[in-house]
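Shown next, in C-alpha cells, is the structure this report addresses.
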Amino acid sequence: MLREGPLHAALKEGMARPGNRLEVRFDRFVIDLVRADGELVEIQTGSFGALGRKLDALLDQHRIRVRSEEH
Numbered sequence: 582m583l584r585e586g587p588l589h590a591a592l593k594e595g596m597a598r599p600g601n602r603l604e605v606r607f608d609r610f611v612i613d614l615v616r617a618d619g620e621l622v623e624i625q626t627g628s629f630g631a632l633g634r635k636l637d638a639l640l641d642q643h644r645i646r647v648r649s650e651e652h
C-alpha cells in the first residue's frame, strides 16, 4: 500500500467484491481496485490533481471509476 491513510484503506476494502484485486500495477501506476469485469477504480480522499497523469495515460484503453470522499 502506497502512502494511504486509514480512510482510503477502509473505502478500498469496503468497495471490494469477490474476484476484485487491490493495488494492481498498470504500466507505471498502481490502481486501487480492479474489478473482475476489468473496470479500474480509483479512490481519492484528497486533491484530484494527483490523478491527472494517471487518467491521461489510462482512459483511452480502460474504464475508470473515481470515488471521492472528503476526510
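Residue numbering for the sequence shown follows our numbering, starting at 582 and increasing by one per position.
Virtual Cβ for every residue (Gly too), placed ideally from N, Cα, C.
Bear in mind the structure is a predicted one, so any value in this text is a computation, not a measurement.
| Check | Outcome |
| --- | --- |
| Whole-Å CB distance - Glu623 paired with Arg644, under 8 Å assumed | Not confirmed; about 11 Å, so no contact. |
| Local conformation of Arg598 per DSSP, three classes | coil |
| Limits of the alpha helix (DSSP H) - the one that Asp613 falls within | Note, Asp613: premise wrong, no alpha helix (DSSP H); beta strand (DSSP E) at Phe610 to Val615. |
| Buried versus exposed, by CB contacts within 10 Å (16 or more), Asp613 | buried |
| Contact between the segment 585 to 596 and the segment 622 to 639 (3+ Cβ pairs under 8 Å) | yes |
| Backbone secondary structure at Leu640 - three-state DSSP | coil |
| Same chain, Cβ closer than 8 Å to Arg598, five either side skipped, listed in chain order | Arg616 and Ala617 |
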